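Step one of this worksheet: look at the structure below.
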Amino acid sequence: MQFIISRYNPQIDKIPYDQTFELDNTQISTDSMLLDALHLLREQDPSLAYRSSCQEGVCGSDGMNVNGRNRLSCITPLSDLPQKIVIKPMPGLPIIKDLIIDMELFYQQYQGVDPFLQSEPLDLQHEHLQSPEDRAKLDGSYECILCGCCTTSCPSFWWNPDQFAGPAALLAAHRFVIDSRDIQHVDRLKNLDSPTQIFRCRHIQNCTDACPKGLNPSRAIQELKSIMVKEI
Ligand code: SF4
Ligand code: SF4
Ligand code: FES
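Here it is in C-alpha cells:
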C-alpha cells in the first residue's frame, strides 16, 4: 500500500509538502486499521507526527483527512481504503505539525455554548431526575466525542471560525436545549439567534457525513432553528 502523507514542521518548512511511504501487504493483517499502519510508518520515520490515544474510537484524538474525508484513523479499516491513501490534517484549523492541528478554537466554540446542565434548584446532594421518555430524547446528542471531524468539514466554519460555532458545538447546544431539566433553554436559543451563528448553517450536511459516531449535527441544527421559531 502507498501512503502519501502531508508533512509540515513549522520550525523548518515554509509550507506543507507530501511524503510518500510504502507498506508491504505482509505487514498488514485483514483487520488492521489505518492507525496500525501509521504506527508502522512511524517506525520508518520517527519524525512523523499524529495524535492517538484510546485506539478504540472513544477519545476522539486521531481525526485526520483521508482521501478527502475526515475520519478517525483507529476505526478506519485499511480494507475499506484503496491501495493509494492520501492523508492530510483536518482542514480549517492551524497545523501544529504534520497531522496535528491546533484545536483551541474548536474548544473555545464548544465552551461558548455552555455545554453543561443549568438546573434549579441547584442541589448537589441529589440527582436531577427525568422521565425515561425525556432521557431518550438525548440519544444522538450526548454521544459526541469532540473529535472535530464534523466542524473541520464545515465550509461555514472554515470561513468564520471565530463567529460560527460549528456543528459539534451546536450539537452540544441542542443537547442542552432539549434537556427537560435545563432551565436556560430560552437564553441558550437567544445566544444562537444571529446571522453569524446558527443561521450561517446551510445544511449541506458535510458534518453529518463526516461524523465517525454516526451522529447527525445537521439535523440537530435544523431542530434548533425550529425550536427557536416557536420559543423566541
Ligand atoms: S450542515 Fe451546517 S454545520 Fe453541517 S457542514 Fe453544513 S453548514 Fe456546517
Ligand atoms: S458530532 Fe461526531 S464528528 Fe462532530 S465532534 Fe462529535 S463525534 Fe466528532
Ligand atoms: S485513538 Fe481515540 S478515537 Fe482514535
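Once you know that position 53 of the sequence shown is 787 in the numbering used here, the rest is easy, because the numbers rise by one and skip nothing. Note that beta-carbon positions come from the ideal geometry of N, C-alpha and C, so glycine has one too. All figures in this text were calculated on a predicted structure; none of them were measured in a lab.
- The C-beta of isoleucine 879 has 16 or more other C-beta atoms within 10 Å across all chains shown, which makes the residue buried.
- Within the model, the alpha-carbon separation for serine 740 versus leucine 872 is close to 38 Å.
- A distance below 8 Å separates the beta carbons of proline 951 and threonine 942.
- Membership of glutamate 965 in the alpha helix (DSSP H) is indicated by the continuous run 951-965.
- Membership of aspartate 868 in the alpha helix (DSSP H) is indicated by the continuous run 866-870.
- Checking the DSSP bridge columns, you'll see phenylalanine 737 partnered with Phe755 and Ile819.
- 8 Å or more divides the Cβ of serine 781 from the Cβ of serine 795.
- Proximity to valine 820 across Tyr751, Asn743, Phe891 and Tyr876 peaks at Tyr751, based on C-alpha coordinates.
- Look at glycine 846 here: in three-state DSSP terms it is helix.
- Of the heavy atoms belonging to ligand 2, none sits nearer than 7 Å to the Cβ of glycine 874.
- In its chain, beyond the 5 residues on either side, Phe737, Ile739, Phe755, Leu757 and Leu782 have a beta carbon closer than 8 Å to the beta carbon of leucine 775.
- According to the DSSP assignment, arginine 803 belongs to the beta strand (DSSP E) that extends over 803-806.
- The same chain holds no residue with a CB closer than 8 Å to that of histidine 773 once the five nearest residues on each side in sequence are set aside.
- CA-to-CA, the gap between arginine 953 and aspartate 779 works out to about 42 Å.
- Given a length threshold of 4 residues, each whole run of the alpha helix (DSSP H) inside the segment 888-940 is given here in chain order: 889-893, 901-911 and 919-926.
- Collapsing the DSSP output to three states places isoleucine 809 in a helix.
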